[in-house]
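Asks: The listed protein sequences correspond, in order, to chains P and Z. Heads up: the first sequence is residues 456 to 623, going by our numbering. Heads up: the second sequence is residues 9 to 284, going by our numbering. Before I ask anything, let me first share the structure, which is written out below as structure tokens.
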Amino acid sequence: MPTDIATFLAHAVALEQEAAERYAELADAMEVHNNKEVAELFRKLSAFSKLHLDEVKAIADNYDLPQLKPWEFQWTDGESPEAAPSDRTHYMMTPYHCLQLALFNEKKGHVYYADRAHRATDPEVKKFAQLFADEEAEHVVMLEKWIATVKPPQENWDLDLDPPGDLE
Amino acid sequence: MNATTQLTAADFKSDVKPIWCPGCGDYAVLSAVTKALADLGKPREDIAFVSGIGCSSRIPAYTNVYGFHGVHGRALAIAAGVKLARPDLTVLAAGGDGDGLSIGGNHFMHACRRNVDMTYIVMDNQVYGMTKGQASPTTAPDWCNSKLTPEGTGISPVEPARLALASGANFIARGFAGNLNDVARLIVEGINHPGFSFIHILSPCVTYRPEQREWKNAVHPSADASPAQLVAEAMHRLAADDGYTTGVLFAGNRPPFMPERKEKATFADIEKKFVS
Numbered sequence: 456m457p458t459d460i461a462t463f464l465a466h467a468v469a470l471e472q473e474a475a476e477r478y479a480e481l482a483d484a485m486e487v488h489n490n491k492e493v494a495e496l497f498r499k500l501s502a503f504s505k506l507h508l509d510e511v512k513a514i515a516d517n518y519d520l521p522q523l524k525p526w527e528f529q530w531t532d533g534e535s536p537e538a539a540p541s542d543r544t545h546y547m548m549t550p551y552h553c554l555q556l557a558l559f560n561e562k563k564g565h566v567y568y569a570d571r572a573h574r575a576t577d578p579e580v581k582k583f584a585q586l587f588a589d590e591e592a593e594h595v596v597m598l599e600k601w602i603a604t605v606k607p608p609q610e611n612w613d614l615d616l617d618p619p620g621d622l623e
Numbered sequence: 009m010n011a012t013t014q015l016t017a018a019d020f021k022s023d024v025k026p027i028w029c030p031g032c033g034d035y036a037v038l039s040a041v042t043k044a045l046a047d048l049g050k051p052r053e054d055i056a057f058v059s060g061i062g063c064s065s066r067i068p069a070y071t072n073v074y075g076f077h078g079v080h081g082r083a084l085a086i087a088a089g090v091k092l093a094r095p096d097l098t099v100l101a102a103g104g105d106g107d108g109l110s111i112g113g114n115h116f117m118h119a120c121r122r123n124v125d126m127t128y129i130v131m132d133n134q135v136y137g138m139t140k141g142q143a144s145p146t147t148a149p150d151w152c153n154s155k156l157t158p159e160g161t162g163i164s165p166v167e168p169a170r171l172a173l174a175s176g177a178n179f180i181a182r183g184f185a186g187n188l189n190d191v192a193r194l195i196v197e198g199i200n201h202p203g204f205s206f207i208h209i210l211s212p213c214v215t216y217r218p219e220q221r222e223w224k225n226a227v228h229p230s231a232d233a234s235p236a237q238l239v240a241e242a243m244h245r246l247a248a249d250d251g252y253t254t255g256v257l258f259a260g261n262r263p264p265f266m267p268e269r270k271e272k273a274t275f276a277d278i279e280k281k282f283v284s
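In structure tokens, the structure reads:
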């Protein structure tokens, strides 16, 4: 677990950057599979993550961050908590699924920062971890409100009348 | 490009967008490769990436280094040629389980024993995805979800790591696409290890093998503190392996194959032949 402020901010920058990149990657993938509506949503989520990345970078600019190798980051699950897990995606997923995925990621981000704030002994780490945890909590509330406005998918949302595995 | 500039993973991604299915493990492998290349700190023009045919073999097009999308099963022959002609390059080869272990199975064995200094990444999803889901050489004998093998293949699958070891590979590692940072580490270690390095990556096919989403619950790090350095020791470990152990499984010390290079003609001599 990062204990000093520079290492903590290096993690925060990577967290937001990887979230933005993963959403952009998923947007591209959905575009290729002609799921335009979800592609657009992932694109928006990527833009939101970039905004947050800029905020974190502005803070991080005041510190000399360590150059960590990808495998030197101390993530709980091996990957940064807000990078959307690819195995929770589907080429026919709906906007509802997309926002649920974003909510899942934001909750993980919130837990990550809240945990850091709770465990930190360095006052600067505690301050920024709490600030970021509060922001993630706001994102969670925002997404929950957004999801409430979106129609849940029908039971057969993944029914493909021309499925990839059909050879006939 | 300024060779002294520190490139990022994004610099190693091309503008070509992958057409893999959303959720495919190969996206993570692409990210791991670009992260590994950024960590190496080499300029893009010093890296060559060769592949065969199949979903995963599209990967060189999605990177920003010299790439060659080769012939089915022949990535290793091409990659070995590149390395022997240009030993200064870092050479990677990649493909899937079908391309590398069936169509290219013969090349795989001989590349292992030849031990040319290059790194071979196999993205194993135990299925032929590009041709709509047939059993591959690593498919379990009782997998019966393909119309071509409705009762399963009934054939024991190839065990890639065991085959690599038996054939003489000098470095063997296994990763899981769901842990891309660890895969990046394995690729860097493979590239830095002299000789033929084989990186076996469990890369789920969510379209034809959706049950592979559960691999994340099956993979586990090796219980051994360090990789086996002796073939006998590695064989003993792999004999008891469940196929889901991740990490460096073997790191040998055989010297790489590199024949003495004698210049037989200059470029000017070759040009003369074309002119006359």
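No residue lacks a Cβ here, since even glycine has one placed at the ideal position from N, Cα and C.
Classify Z/Thr127 as helix, strand or coil using the three-state DSSP reduction.
Replies: Within the second sequence, residue 127 of chain Z is the residue found at index 119, counting from 1. It is a strand residue.
Asks: Sorted by chain position, which residues of the same chain lie with C-beta nearer than 7 Å to P/Glu492's C-beta, five sequence neighbours on each side aside?
Replies: By 1-based counting over the first sequence, the position of residue 492 of chain P is 37. Once the five neighbours on either side are set aside, the close Cβ partners of P/Glu492 are Pro550.
Asks: With a threshold of 8 Å, are at least 3 pairs of Cβ atoms found where one atom belongs to the region 218-234 of chain Z and the other to the region 196-207 of chain Z?
Replies: The region 218-234 of chain Z, when compared against the region 196-207 of chain Z, does not touch it at the 8 Å Cβ threshold.
Asks: Can you find the residues in the same chain that come closer than 7 Å, C-beta to C-beta, to Z/Ala11, ignoring five residues on each side of it along the sequence?
Replies: Position 3 of the second sequence, counting from 1, holds the residue named residue 11 of chain Z. Note that Z/Ala11 has pLDDT 47, beneath the 50 cutoff, so the model's placement of it is unreliable and no number is given.
Asks: P/Pro525 CB to nearest chain Z CB: under 8 Å?
Replies: Indexing the first sequence from 1 puts residue 525 of chain P at position 70. It does; some Cβ of chain Z falls within 8 Å.
Asks: Taking 8 Å as the threshold, find out whether the region 63-71 of chain Z comes into contact with the region 20-29 of chain Z through three or more Cβ pairs.
Replies: These segments touch.
Asks: Just verifying my parser: in three-state terms, what is the DSSP assignment at P/Lys582?
Replies: Here residue 582 of chain P is taken as the residue at index 127 of the first sequence, counted from 1. In this structure, P/Lys582 counts as helix in the three-state DSSP scheme.
Asks: Shorter than 8 Å from the beta carbon of Z/Arg193 to some beta carbon of chain P?
Replies: Counted from its first residue, the second sequence places residue 193 of chain Z at position 185. For Z/Arg193, the answer is yes, since a Cβ of chain P falls inside 8 Å of its Cβ.
Asks: Compute the Euclidean distance between the alpha carbons of P/Gln453 and P/Met456, then round it to the nearest angstrom.
Replies: Since the first and last residues shown for chain P are 456 and 623, residue 453 of chain P lies out of range.
Asks: Against chain P, with Cβ distances strictly below 8 Å, would Z/Asp23 count as a contact?
Replies: Translated into the one-based positions of the second sequence, residue 23 of chain Z becomes position 15. For Z/Asp23, the answer is no, since every Cβ of chain P falls outside 8 Å of its Cβ.
Asks: Span of the alpha helix (DSSP H) holding P/Arg567?
Replies: Locating residue 567 of chain P in the first sequence gives position 112, counting from the first residue. Note on residue identity: the sequence assigns Tyr, not Arg, to residue 567 of chain P. Start and end: Pro550 to Arg574.
Asks: Give me the DSSP bridge partner(s) of Z/Ile209.
Replies: As a first step, residue 209 of chain Z must be located in the second sequence, where it is residue number 201. Beta-bridge pairing links Z/Ile209 to Z/Met131 and Z/Gly183.
Asks: If we ignore side chains and look at the alpha-carbon of each, how far apart do Z/Asp29 and P/Ala484 end up?
Replies: Position 21 of the second sequence, counted from the start, is the residue given in the question as residue 29 of chain Z. Position 29 of the first sequence, counted from the start, is the residue given in the question as residue 484 of chain P. Note on residue identity: the sequence assigns Cys, not Asp, to residue 29 of chain Z. Going by the C-alpha atoms only, they are around 7 Å apart.
Asks: DSSP on Z/His228, reduced to helix/strand/coil?
Replies: Working through the second sequence from its first residue, we reach residue 228 of chain Z at position 220. Correct three-state label for Z/His228: strand.
Asks: Could you please give the first and the last residue of the uninterrupted beta strand (DSSP E) stretch that includes Z/Ala101?
Replies: Residue mapping note: residue 101 of chain Z aligns to position 93 of the second sequence, counting from 1. Run containing Z/Ala101: Thr98 to Gly104, per the beta strand (DSSP E) assignment.
Asks: Do you know offhand how far Z/Ala276's Cα is from Z/Met117's?
Replies: As a position in the second sequence, residue 276 of chain Z is number 268, starting the count at 1. As a position in the second sequence, residue 117 of chain Z is number 109, starting the count at 1. Straight-line Cα distance between these residues: approximately 38 Å.
Asks: What would DSSP say about Z/Val58, mapped onto helix, strand or coil?
Replies: What you label residue 58 of chain Z is simply residue 50 of the second sequence in a count that begins at 1. In the structure shown, Z/Val58 sits in a strand (DSSP, three-state: E or B).
Asks: Can you tell me whether P/Asp615 is buried or exposed, with buried defined as 16 or more other CB within 10 angstroms of its CB?
Replies: In the first sequence, residue 615 of chain P corresponds to position 160, counting from 1. Exposed: under 16 other Cβ atoms inside 10 Å.
Asks: Taking 8 Å as the CB-CB cut-off, is P/Asp485 touching chain Z?
Replies: For the purposes of this step, residue 485 of chain P is identified with residue 30 of the first sequence, where counting begins at 1. The amino acid occupying residue 485 of chain P in the given sequence is Met; Asp does not appear at that position. So yes, P/Met485 belongs to the interface.
Asks: How big is the Cα-Cα spacing for Z/Lys140 and Z/His201?
Replies: Position 132 of the second sequence, counting from 1, holds the residue named residue 140 of chain Z. Position 193 of the second sequence, counting from 1, holds the residue named residue 201 of chain Z. Near 36 Å, if we compare the C-alpha coordinates of Z/His201 and Z/Lys140.
Asks: Hey, is the region 570-578 of chain P in contact with the region 470-486 of chain P, meaning 3+ C-beta pairs nearer than 8 Å?
Replies: These segments do not touch.
Asks: State buried or exposed for Z/His244, treating a residue as buried only when at least 16 other CB atoms are found within 10 Å of its CB.
Replies: Mapped onto the second sequence, residue 244 of chain Z falls at position 236. Per the 10 Å Cβ criterion, exposed.
Asks: Does the distance from the C-beta atom of Z/Val58 to that of Z/Ala87 stay below 8 Å?
Replies: Numbered from 1 along the second sequence, position 50 holds the residue referred to as residue 58 of chain Z. Numbered from 1 along the second sequence, position 79 holds the residue referred to as residue 87 of chain Z. Yes, the Cβ-Cβ distance between Z/Val58 and Z/Ala87 is below 8 Å.
Asks: So if DSSP puts Z/Lys21 in a beta bridge, which residue, or which two residues, is it bridged to?
Replies: For the purposes of this step, residue 21 of chain Z is taken as the residue at position 13 of the second sequence. DSSP output for Z/Lys21 lists Z/Thr71 as bridge partner(s).
Asks: Provide the residue span of the alpha helix (DSSP H) that contains Z/Thr42, from first to last.
Replies: Against the second sequence, residue 42 of chain Z aligns to sequence position 34. Segment Asp34 to Leu48, the alpha helix (DSSP H) holding Z/Thr42.
Asks: Using alpha carbons as the reference points, say which of P/Tyr567, P/Glu593 and P/Asn611 lies closest to P/Ala467.
Replies: Working through the first sequence from its first residue, we reach residue 467 of chain P at position 12. Residue P/Tyr567 is the option with its Cα nearest to P/Ala467.
Asks: Please list the partners that P/Gly533 has in chain Z, where partner means a Cβ-to-Cβ separation under 7 Å.
Replies: Residue 533 of chain P sits at position 78 when you count from the first residue of the first sequence. Within 7 Å Cβ-Cβ: Asn187, Asn189 and Asp190.
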